[in-house]
Structures are given as structure tokens and as C-alpha cells.
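**Student:** Sharing a structure with you now.
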Amino acid sequence: MVYLIGAGPGDAGLLTVKASEILKAADVVIYDRLADESILNYAPNAKKIYVGKAAGQHTLTQEEINKVLVEEGAKNNVVVRLKGGDPFVFGRGGEEALYLRENNLDFEIISGVTSAVAVPAYAGIPVTHRGVAASFTVVTGHEDPTKAESSINWRELSTGADTLIFLMGIANLPKITDKLIENGRAKNTPAAVIRNGTKFSQEVLVTTLENAARDVESKNIKPPAIFIVGEVVNLREKLNWFDNKILFGKKFLNTRTRAQASKLTRQLENLGAEVIEFPTIKITAPSDNYRSLDDAIKNLRSYDWLIFTSTNGVEKFFERLNKNFKLDARALATAKVAAIGSATAECLENFGIIADVVPKDFRAEGLIDAFKKLIPVPCSLIPKILIVRAEVARDILPDALKNFGAEVTVAPAYKTESAVENIAEIKSLLDAGQIDFVTFTSSSTVKNFVAALGTEIFAQFKTAAIGPITAQTLKDFGVTADIVAEEFTIAGLVDAIKNFFSKI
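In C-alpha cells, the structure reads:
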């Protein structure tokens with residue numbers, strides 16, 4: 004089966020549920036230039052074939068693309084043809100479907116969100132609006148309006164619909180505007196050009212039909228862009244929502260682990276930021292290959308307290324508990340549990356454990372203060388405490404608990420290692436001043452970032468640290484963090500970034 008799938012106009016979040024499910028099962032994905040490459044992550048195991056076409060730059064001709072579809076369709080179970088927007092809206096999906104039918108191959112059409120409607124919507128321009136526009140027409144902008152036999156009826160088109168939407172028409176804009184005016188559309192009709200619509204790099208130029216071509220040239224607006232003509236353009240002033248977001252136009256570099264980056268990335272993107280993920284660490288097995296942790300799990304009933312210092316520690320602990328010992332949360336019944344931070348406590352809740360102690364100060368120091376009251380001095384019974392943490396961490400917590408008279412076991416559940424990729428590409432962006440902020444969510448992310456790129460590069464951007472410990476690590480390298488979260492969680496970091504920009 005060959006699936007002709009519309010990838011939507013740019014924002015990967017506009018991909019349909021059905022499309023994402025088919026991509027997960029794909030053996031091959033044949034994709035266009037305008038399909039957001041992050042969508043390819045839905046098909047991690049599929050063979051990827053790029054067949055993108057830009058003006059004057061065709062990877063393959065349409066005829067060659069058709070042949071690739073047939074070749075791959077004949078030898079693979081699930082072939083996806085991923086096209087920007089919708090396959091049947093100037094996407095040549097009909098031609099591809101006919102060619103597949105002629106070659107006795109089954110196909111299915113998975114409609115996508117068309118840029119004709121979504122791009123104006125992201126610019127705050129509805130294509131129809133009560134009392135303003137009762138009709139709209141979508142037109143190809145690729146056709147040369149001066150050719151001898153145009154398939155566009157310019158006389159009827161110019162005044163036949165309230166809103167006109169031209170896709171891929173930037174190169175022909177002077178001819179398009181001239182034809183519309185020649186055939187009766189008023190020169191002062193509101194118009195807009197929207198480049199990279201629905202993406203974080205979206206640009207919107209509001210103009211008039213008469214001035215559109217001149218303004219596009221003076222602003223040096225390049226494809227891909229759409230051209231919209233009609234009174235609905237005036238509604239942008241009140242309905243603009245996307246590029247009004249507090250972080251719109253800002254570009255962030257997220258140094259968190261690849262597995263954990265998405266939560267921070269998603270929250271920043273929801274505020275309008277463009278986020279590039281640049282993992283500087285990865286989570287791996289501790290050096291003793293979990294021997295200490297497994298020994299601790301075998302003796303769980305001997306501990307009075309279990310202390311978890313991170314979500315990574317919680318996840319690795321329960322992974323070993325479940326998979327290696329076939330146990331669940333009931334194995335912790337004889338011990339009390341403490342967590343450093345709300346995120347760690349929330350992660351424990353996912354495994355059925357409500358932490359007995361969560362200090363207000365999400366650091367080892369906060370937990371030390373809490374245990375001052377929990378462990379009487381001198382102790383009549385020596386409490387046994389298990390700390391599940393990273394292999395390399397500050398010793399302030401176990402040392403303090405030992406000083407209180409406790410018997411402390413430290414069980415490494417994971418370690419962090421350098422995982423820096425695409426250094427040259429990232430360095431180029433940073434050197435060019437194209438990154439506004441770099442976020443750091445642990446001391447390890449700082450150290451590995453510096454090891455990869457040095458300290459001089461910090462002059463090119465601002466920094467956001469998840470808490471004072473991470474901020475101190477930056478300071479150790481001579482960098483003062485521009486933003487330091489008061490609550491040492493991803494949500495706290497995002498709130499601190501919002502507060503920073505709300506004051507600008």
C-alpha cells in the first residue's frame with residue numbers, strides 16, 4: 004500500500020493522528036521540501052528518500068518521483084509519500100495516484116491541513132468572516148498569468164470571491180497583482196504576504212494589492228509564502244495570536260538529554276519560541292552496571308528511608324525493581340520515602356508512591372534541613388538510609404546524614420556522559436548570533452557544553468539555569484546566568500524565562 008499523506012503547512016503539530024499512525028508503520032518515507040523534517044521522527048526505522056523541489060532546483064522531476072513511488076511500492080509493505088499541506092491541493096497528488104493506479108498499486112489518500120487555510124489563520128486572518136467574506140478561492144501562484152492560454156479565468160476570479168489565496172506565488176506576484184487590478188479588483192484592497200506560515204520563523208507583511216509586489220521586493224521576502232487578498236486581512240490587527248506570543252521570534256538551544264528534551268522544548272514552543280535540541284549529556288548505566296543498586300533492592304526491607312534525588316533515579320530504580328526482581332511498589336512498604344523536588348515526587352507518584360518528605364528547597368540542603376528534625380540526636384536506633392542518585396553527585400547529603408548518626412548507603416542508578424552532536428552546525432549558529440538563549444538543566448549540561456564549545460562563545464547568547472547549583476557551575480566558568488529559576492524544575496525554568504521577557 005502506498006499512502007499519499009498531507010504533512011500540513013509547517014507546524015508539525017498539525018499532522019493528523021491517522022498520518023502519524025501510518026508513519027510509525029512505514030517501511031519507506033518519500034518526502035518533500037515543505038514537509039517539516041521533525042515529522043520524520045514518527046518513522047524512525049523507515050528508509051528516507053528526499054525528493055524535494057524548489058523553484059529551479061528539483062531533486063527529481065515529477066516523472067522520476069512517480070517511478071520511485073512505483074519501485075518502492077512494489078517491494079515494500081507500507082510506503083508513505085509525505086507531501087507538504089494536502090496532497091490534492093496543488094500537491095500533484097492526483098497525478099501520483101493515477102500513476103500508481105496505472106501500475107496496479109493500491110493507494111490511500113490521507114488528507115492534510117492545507118496552507119491555504121492554516122497559514123492565514125496563524126497570521127490572525129480568517130479566510131471567511133461573517134459580514135466581511137462569505138467566499139474564498141484558492142489559486143496556484145505558479146502559473147504565469149501572461150502565457151497565451153492561462154487556465155485561470157482572471158476576469159471571473161478577480162471579483163468572483165471575497166478572499167483570494169495564492170499559493171507559491173511570490174515569483175509571479177507583480178503579474179498576479181497586475182492581472183487582478185486589470186480585471187476589476189480595487190487597488191486599495193487589503194493584502195498580506197505570509198512567509199513560513201505556521202512556523203516559528205513566520206513573517207507577515209500587511210500591504211495592499213497595489214503595493215504588494217513593491218513591498219515584497221523592498222522587504223526581500225522569499226518563498227515559501229502565500230499571498231492573500233481581501234477585506235479579511237484587516238482582521239489581523241485584532242485576531243493576531245501566533246506572533247504575539249511572548250517568546251515569538253526568539254531562538255533557544257536546549258541542552259537537555261535527547262530523551263528528556265521534549266518537555267522543555269514543548270513548553271517553550273507553546274510560548275512561541277523556536278527551539279533547537281542540542282543534547283550535551285546522555286543517561287547510561289553506572290560503572291558497576293547496577294550492582295550496588297541491585298544489592299540495595301535485595302535488602303530493601305532493611306532500610307528505614309529511601310531518598311530519591313532525581314526523576315532519572317526513580318525511573319532506573321523501578322526499572323530494575325520491576326524487570327530484574329519482578330517486584331512493584333509494595334516492596335517499599337516498610338520504608339519511608341523522601342524526594343528532592345516536586346518533579347521527583349511526581350515521578351514517584353507515577354509508580355504508586357507518595358513521598359513522605361519533599362523539601363521546599365529543591366536541593367540537598369533542603370532535605371538536610373528536613374532530616375535534622377527527623378533524626379533525633381543522639382539516636383537510640385541508628386536509621387538506615389538508602390540514597391538512589393547519579394554516580395557522580397555532590398556528597399553533601401550523605402555526609403550530613405552520616406553526621407546525624409545515620410547509616411547511609413549510596414546506590415548509583417545511572418551516570419551522565421557526554422553526548423554532544425552536530426558541534427560544527429551549532430557553533431555556526433552561535434557564532435552568527437542566531438541563538439538568543441541556551442538553557443542548562445544540570446551542571447553536567449554546562450560542563451559538556453563548555454568542553455565542546457569553550458567559554459568564549461558565551462558572549463554570543465544569554466543563559467538560563469534551572470537552579471542555583473547549575474548557575475554556580477556556569478559561574479565557575481566565568482559566566483553569570485541571565486535567568487535562574489526559583490523553583491528548580493522545568494516548569495520553574497519556563498516561568499523564570501516568561502518573567503524575564505515580560506519585563507523587557
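Residue numbers (my numbering): 4 to 507. A virtual CB, placed ideally from N, CA and C, is assigned to each residue, including glycine.
Measuring straight from C-alpha to C-alpha, what distance separates residue 296 and residue 506?
**Tutor:** In the sequence shown, residue 296 corresponds to position 293, counting from 1. In the sequence shown, residue 506 corresponds to position 503, counting from 1. For residue 296 and residue 506, the distance between alpha carbons rounds to 46 Å.
**Student:** For residue 350, which residues of its own chain have a beta-carbon under 6 Å away from its beta-carbon, when the five flanking residues on both sides are left out?
**Tutor:** Your numbering for residue 350 matches position 347 in the sequence shown. Correct list, in chain order: 314, 317.
**Student:** Could you have a look at residue 504 and say whether DSSP puts it in helix, strand or coil?
**Tutor:** Counting from one through the sequence shown, the residue named residue 504 turns up at place 501. Three-state DSSP puts residue 504 in a helix.
**Student:** Based on Cα-Cα distance, which residue from 386, 388, 347, 343 lies nearest to residue 369?
**Tutor:** Position 366 of the sequence shown, counted from the start, is the residue given in the question as residue 369. Nearest option by C-alpha distance: 343.
**Student:** Sorted by chain position, which residues of the same chain lie with C-beta nearer than 6 Å to residue 441's C-beta, five sequence neighbours on each side aside?
**Tutor:** Against the sequence shown, residue 441 aligns to sequence position 438. Excluding positions up to five away in sequence, the list reads 256, 464, 466.
**Student:** Would you list the one or two residues that DSSP bridges to residue 421?
**Tutor:** For this step, residue 421 is matched to residue 418 along the sequence shown. 284.
**Student:** Any chance you could list the beta strand (DSSP E) runs of at least 3 consecutive residues sitting entirely within the stretch 297-324, in chain order?
**Tutor:** 308-311, all fully within the stretch 297-324.
**Student:** Under 8 Å by Cβ, that's how I've got residue 224 and residue 206 pegged, so tell me the actual separation to the nearest angstrom.
**Tutor:** Within the sequence shown, residue 224 is the residue found at index 221, counting from 1. Within the sequence shown, residue 206 is the residue found at index 203, counting from 1. At roughly 7 Å, the Cβ-Cβ gap stays under 8 Å, so residue 224 and residue 206 are in contact.
**Student:** According to DSSP, what are the bridge partners of residue 415?
**Tutor:** Working through the sequence shown from its first residue, we reach residue 415 at position 412. Residue 415 pairs with 392.
**Student:** Looking only at its own chain, which residues have a Cβ that is under 6 Å from the Cβ of residue 444, when we skip the five neighbours before and after it?
**Tutor:** The count along the sequence shown starts at 1 and reaches residue 444 at position 441. Excluding residues within five positions, the ones whose Cβ falls inside 6 Å are 259, 469.
**Student:** DSSP three-state label for residue 121, please.
**Tutor:** Here residue 121 corresponds to residue number 118 of the sequence shown, with the count starting at 1. Reduced to three states, the DSSP call for residue 121 is helix.
**Student:** For my contact list, residue 179 and residue 126 are in at a C-beta cut-off of 8 Å; report their separation, rounded to the angstrom.
**Tutor:** Here residue 179 refers to the residue found at position 176 of the sequence shown. Here residue 126 refers to the residue found at position 123 of the sequence shown. So it is not a contact: roughly 19 Å between Cβ atoms.
**Student:** Which residues in the same chain have their Cβ closer than 7 Å to the Cβ of residue 489, if we skip the five residues on either side of it in sequence?
**Tutor:** Residue numbering aside, residue 489 sits at position 486 when the sequence shown is read from its first letter. Result list for residue 489: 495, 499, in chain order.
**Student:** So what does residue 257 bridge to, in DSSP terms?
**Tutor:** As a working mapping, residue 257 is identified with position 254 in the sequence shown. In the DSSP output, where bridge partners are listed per residue, residue 257 has 280, 442.
**Student:** Is it true that the CB of residue 287 sits closer than 7 Å to the CB of residue 424?
**Tutor:** Within the sequence shown, the letter at position 421 stands for residue 424. Within the sequence shown, the letter at position 284 stands for residue 287. Against a cut-off of 7 Å, the Cβ pair of residue 287 and residue 424 comes out as no contact.
**Student:** With a threshold of 6 Å on Cβ separation, who are the neighbours of residue 360 within its own chain once the five nearest residues in sequence on each side are excluded?
**Tutor:** To locate residue 360, count along the sequence shown from 1; it is residue 357. Around residue 360: 341, 373.
**Student:** Taking Cβ to Cβ, would you say residue 304 is nearer than 7 Å to residue 283?
**Tutor:** For the purposes of this step, residue 304 is identified with residue 301 of the sequence shown, where counting begins at 1. For the purposes of this step, residue 283 is identified with residue 280 of the sequence shown, where counting begins at 1. No, they are not a contact pair.
**Student:** Would you say residue 445 reaches chain C, if we count a Cβ-Cβ gap shorter than 7 Å as a contact?
**Tutor:** Judged by its chain identifiers, the structure shown contains no chain C, having just a single protein chain.
**Student:** What does the alpha-carbon distance come out to for the pair residue 410 and residue 26?
**Tutor:** Counting from 1 along the sequence shown, the entry for residue 410 is found at position 407. Counting from 1 along the sequence shown, the entry for residue 26 is found at position 23. Approximately 53 Å, taken between the alpha carbons.
**Student:** May I ask you to report which of helix, strand or coil DSSP gives residue 139?
**Tutor:** Taking the sequence shown and counting its residues from 1, one reaches residue 139 at position 136. In the structure shown, residue 139 sits in a strand (DSSP, three-state: E or B).
**Student:** Using a 10 Å radius around the Cβ and a threshold of 16 neighbouring Cβ atoms, would you call residue 158 buried or exposed?
**Tutor:** Here residue 158 refers to the residue found at position 155 when the sequence shown is read from its first residue. When all chains shown are included, residue 158 counts as exposed.
**Student:** So, with DSSP's three-state summary, where would you put residue 82?
**Tutor:** Here the question's residue 82 lines up with position 79 in the sequence shown. Residue state, collapsed to three classes: strand.
**Student:** Does the distance from the C-beta atom of residue 455 to that of residue 426 stay below 7 Å?
**Tutor:** As a first step, residue 455 must be located in the sequence shown, where it is residue number 452. As a first step, residue 426 must be located in the sequence shown, where it is residue number 423. Yes, the pair counts as a contact, with Cβ atoms nearer than the cut-off.
**Student:** For a quick check, are the C-beta atoms of residue 177 and residue 216 less than 7 Å apart?
**Tutor:** Locating residue 177 in the sequence shown gives position 174, counting from the first residue. Locating residue 216 in the sequence shown gives position 213, counting from the first residue. Their beta carbons are under 7 Å apart, which means residue 177 touches residue 216 by this criterion.
**Student:** From 192, 211, 143, pick the residue whose C-alpha is nearest to that of residue 228; which is it?
**Tutor:** Residue numbering aside, residue 228 sits at position 225 when the sequence shown is read from its first letter. The shortest Cα separation from residue 228 among 192, 211, 143 belongs to 143.
**Student:** Whether or not the stretch 115-125 and the stretch 183-201 are in contact is what I'm after, with contact meaning three or more pairs of Cβ atoms, one per stretch, closer than 8 Å; do they touch?
**Tutor:** Touching, yes, given that three or more Cβ pairs across the two stretches are closer than 8 Å.
**Student:** Strictly by DSSP, which residues pair up with residue 198?
**Tutor:** Taking the first residue of the sequence shown as position 1, residue 198 is located at position 195. Beta-bridge pairing links residue 198 to 206, 228.
**Student:** Let me know the secondary structure DSSP gives residue 293 once reduced to three states.
**Tutor:** Residue numbering aside, residue 293 sits at position 290 when the sequence shown is read from its first letter. It is coil, neither helix nor strand.
**Student:** Would the beta-carbon of residue 135 fall within 7 Å of that of residue 234?
**Tutor:** Residue 135 sits at position 132 when you count from the first residue of the sequence shown. Residue 234 sits at position 231 when you count from the first residue of the sequence shown. A contact, by the Cβ cut-off of 7 Å.
**Student:** If you compare alpha carbons, which of 173, 401, 204 is closest to residue 308?
**Tutor:** On the sequence shown, position 305 is the one that residue 308 refers to. Cα-wise, what sits closest to residue 308 is 401.
**Student:** The alpha helix (DSSP H) spanning residue 370 covers which residue range?
**Tutor:** The residue labelled residue 370 in the question sits at position 367 within the sequence shown. Run containing residue 370: 367-377, per the alpha helix (DSSP H) assignment.
**Student:** Apply the 10 Å Cβ neighbour rule to residue 41 and answer buried if 16 or more other Cβ atoms are within range, or exposed otherwise.
**Tutor:** Numbered from 1 along the sequence shown, position 38 holds the residue referred to as residue 41. By the neighbour-count rule (16 or more Cβ atoms within 10 Å), residue 41 is not buried but exposed.
**Student:** Give the single residue among 130, 71, 208, 108 whose Cα lies nearest to the Cα of residue 118.
**Tutor:** Position 115 of the sequence shown, counted from the start, is the residue given in the question as residue 118. Answer by Cα proximity: 130.
**Student:** Decide if residue 474 is buried, meaning its Cβ has at least 16 other Cβ atoms within 10 Å, or exposed.
**Tutor:** Indexing the sequence shown from 1 puts residue 474 at position 471. Label assigned to residue 474: buried.
**Student:** Throw me the rounded Cβ distance for the residue 194 and residue 230 pair, which I believe falls under 8 Å.
**Tutor:** Taking the sequence shown and counting its residues from 1, one reaches residue 194 at position 191. Taking the sequence shown and counting its residues from 1, one reaches residue 230 at position 227. Right, the Cβ-Cβ distance comes to about 7 Å (below 8 Å), so this counts as a contact.
**Student:** If you follow the beta strand (DSSP E) that residue 1 is part of, which residue opens it and which one closes it?
**Tutor:** Shown here, the chain extends from 4 to 507; a query on residue 1 therefore has no answer.
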